[in-house]
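> Quick one: structure below, then a few questions.
Residue numbers (the UniProt record's numbering): 1 to 408.
Here it is in structure tokens:
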């Protein structure tokens, strides 16, 4: 029997990935219809509260030659690790879901746009590899999540309608402070009553209780879980993921580029639910420098060539928030009341330099090979660097965004 809800999803594209890799549930708009806001102006608008970051975009330019070179080095350096991590994650998903999923009831991978997309595509490739020990019936979609505004409810409902009997796993690239985890938890709280029709789709790792959100502990709050948010990441320094390949802050190759390793899709723009899906721009002008599919093919080939057997990774019933004290100390030391100005992890620190207006960079090590691009960008833009040693571990790098208005 044809599922009309699945047919509705098939009209959406996959960015510059293959249609078999992912369906991205975004309303793609022409970049000429989006206001191109300069970084300094955008920063002032965000911090003054005049505009939310998801209401405007600084259109991306092609990466510089130095940026491209450092990406290539990171890819060479990180290929085996990325491939091994993907194999271990796929093997763990197989062992977890193999008894309950099938072709009519596949596992639904839901990648969080954008950083989750490359990881989700690699996982989808791994799970559909019939020559592996971890093949599993699965489908893969990308949907938007926006800090302060949550997971796109229209896209989520479309998936719940199309796969009413399937478990979902949410995929992201890495965690920084855990803010996106908390945003995901808030967005899913409406489903956390065991009597909810879609409780089992999302809370398949626990069958009791209800999430509550405590705003009193910090400016972001914490989620008190008695249900497990099924978030999967490649790296989880914040200690909030249900499943992750490691908790280290390392140079994930896909973390060094933006759209040109994420299907040429821009950061998502907010749309009110009554008006449809969140929006995004497709950077057709960057096709010539796009690495998205090449990155997937390269890592996937390395995964298929691995000689070591995959390992089952641990899963967690509760977030550990292992870096919360460090973030609080940094906020106190640098008089930061809005923790959105703190961007930890190599990937987030790098993206913040490229997209935001940084005040300074904190490094654990002055000459760490994983922070070459960061240090190069700092030299280019005359950004101060402070080397703090193990005081900022497990993070290797943290960007502090410049204060453009009074924090609130």
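Each residue gets a CB set at the ideal place from its N, CA and C atoms; glycine is no exception.
Taking 7 Å as the limit between beta carbons, can you name the residues of its chain near residue 257, skipping five residues before and five after?
One-based indexing of the chain shown puts residue 257 at position 257. Counting only Cβ-Cβ distances below 7 Å, and skipping sequence neighbours, we find 63, 71, 291.
> Buried or exposed: which applies to residue 297, given that a residue is buried once 16 or more other Cβ atoms fall within 10 Å of its Cβ?
Within the chain shown, numbered from 1, the residue matching residue 297 stands at position 297. Its Cβ having fewer than 16 others within 10 Å, residue 297 is exposed.
> Is there contact between the segment 77-84 and the segment 134-144, where contact requires at least three CB pairs shorter than 8 Å?
no
> Looking at C-beta atoms only, is the number of pairs between the segment 374-382 and the segment 331-343 that lie closer than 8 Å three or more?
no
> What does the Cβ neighbour count give for residue 66, buried or exposed, with the cut at 16 atoms within 10 Å?
Here residue 66 is taken as the residue at index 66 of the chain shown, counted from 1. Exposed, because fewer than 16 other Cβ atoms sit within 10 Å of the Cβ of residue 66.
> Check whether the segment 236-254 touches the segment 277-290, taking contact to mean three or more Cβ pairs, one atom from each stretch, closer than 8 Å.
No, because fewer than three Cβ pairs between the segment 236-254 and the segment 277-290 fall closer than 8 Å, the two stretches do not touch.
> Looking at the unbroken beta strand (DSSP E) that takes in residue 186, where does it start and where does it end?
Residue numbering aside, residue 186 sits at position 186 when the chain shown is read from its first letter. Premise fails: residue 186 lies in the alpha helix (DSSP H), 179-188, not in any beta strand (DSSP E).
> On the DSSP bridge list, what partners appear for residue 413?
Shown here, the chain extends from 1 to 408; a query on residue 413 therefore has no answer.
> If I measure Cβ to Cβ from residue 219 and keep anything under 8 Å in the same chain, skipping five residues before and after, which residues do I get?
Residue numbering aside, residue 219 sits at position 219 when the chain shown is read from its first letter. Confidence is the limiting factor: at residue 219 the pLDDT is only 45, short of 50, which leaves the residue's position unreliable, though a coordinate-based value still follows. Taken in chain order, the residues that qualify are 337, 338, 339.
> Would you mind listing the beta strand (DSSP E) stretches within the segment 326-399 that are 3+ residues and don't spill past its ends, in chain order?
The qualifying runs are 342-344, 358-363, 384-387.
> Would DSSP call residue 296 helix, strand or coil?
By one-based count along the chain shown, residue 296 stands at place 296. Helix, per DSSP.
> Determine whether the beta carbon atoms of residue 90 and residue 126 lie at a separation below 8 Å.
Here residue 90 is taken as the residue at index 90 of the chain shown, counted from 1. Here residue 126 is taken as the residue at index 126 of the chain shown, counted from 1. A contact, by the Cβ cut-off of 8 Å.
> State the Cα-Cα distance for the pair residue 324 and residue 154, rounded to the nearest angstrom.
Here the question's residue 324 lines up with position 324 in the chain shown. Here the question's residue 154 lines up with position 154 in the chain shown. Whole-angstrom Cα-Cα distance: 32 Å.
> What do you reckon, are the CB atoms on residue 352 and residue 383 nearer than 8 Å?
Position 352 of the chain shown holds residue 352. Position 383 of the chain shown holds residue 383. It is not a contact, given that the beta carbons lie outside the stated cut-off.
> Take residue 286 as the anchor and find which of 301, 306, 259 has the nearest alpha-carbon.
Start at 1 with the first residue of the chain shown, and residue 286 comes out as number 286. Residue 259 is the option with its Cα nearest to residue 286.
> Closer than 8 Å is the cut-off here; do at least three beta carbon pairs connect the segment 234-245 with the segment 167-178?
Between the segment 234-245 and the segment 167-178 there are three or more inter-stretch CB-CB distances shorter than 8 Å, so the stretches are counted as touching.
> So within the segment 277-324, which uninterrupted alpha helix (DSSP H) runs reach at least 4 residues, ignoring any that extend past its ends?
292-304
> Among all the DSSP beta bridges, which residues are the ones paired with residue 24?
Counting from one through the chain shown, the residue named residue 24 turns up at place 24. Its beta-bridge partners are 142.
> Going by the beta-carbon positions, is the gap between residue 192 and residue 203 smaller than 8 Å?
As a first step, residue 192 must be located in the chain shown, where it is residue number 192. As a first step, residue 203 must be located in the chain shown, where it is residue number 203. Residue 203 sits close to residue 192, with the two beta carbons spaced by under 8 Å.
> At a cut-off of 7 Å, is residue 277 close to the ligand COA when judged by its beta-carbon and the heavy atoms of the ligand?
The model on display carries no ligand, and the ligand COA is accordingly not part of it.
> Expressed to the nearest angstrom, what Euclidean distance is found between the alpha-carbon atoms of residue 415 and residue 230?
Examination of residue 415 is not possible in this model, given that the chain is present from 1 through 408 alone.
> For residue 265, list the residues DSSP reports as bridge partners.
In the chain shown, the residue the question calls residue 265 occupies position 265. Its beta-bridge partners are 282.
> Can you give me the C-alpha to C-alpha distance between residue 40 and residue 396, rounded to a whole angstrom?
Numbered from its first residue, the chain shown carries residue 40 at position 40. Numbered from its first residue, the chain shown carries residue 396 at position 396. Those two C-alpha atoms are separated by around 26 Å.
> Between which residues of its own chain and residue 371 is the CB-CB distance below 7 Å, once the five residues before and five after are set aside?
In the chain shown, residue 371 corresponds to position 371, counting from 1. Excluding sequence neighbours, residue 371 sits near 346, 363, 396, 397.
> Under 8 Å, do residue 160 and residue 201 count as touching if we go by C-beta distance?
Reading the chain shown from its first residue, position 160 is the one you call residue 160. Reading the chain shown from its first residue, position 201 is the one you call residue 201. Yes, the Cβ-Cβ distance between residue 160 and residue 201 is below 8 Å.
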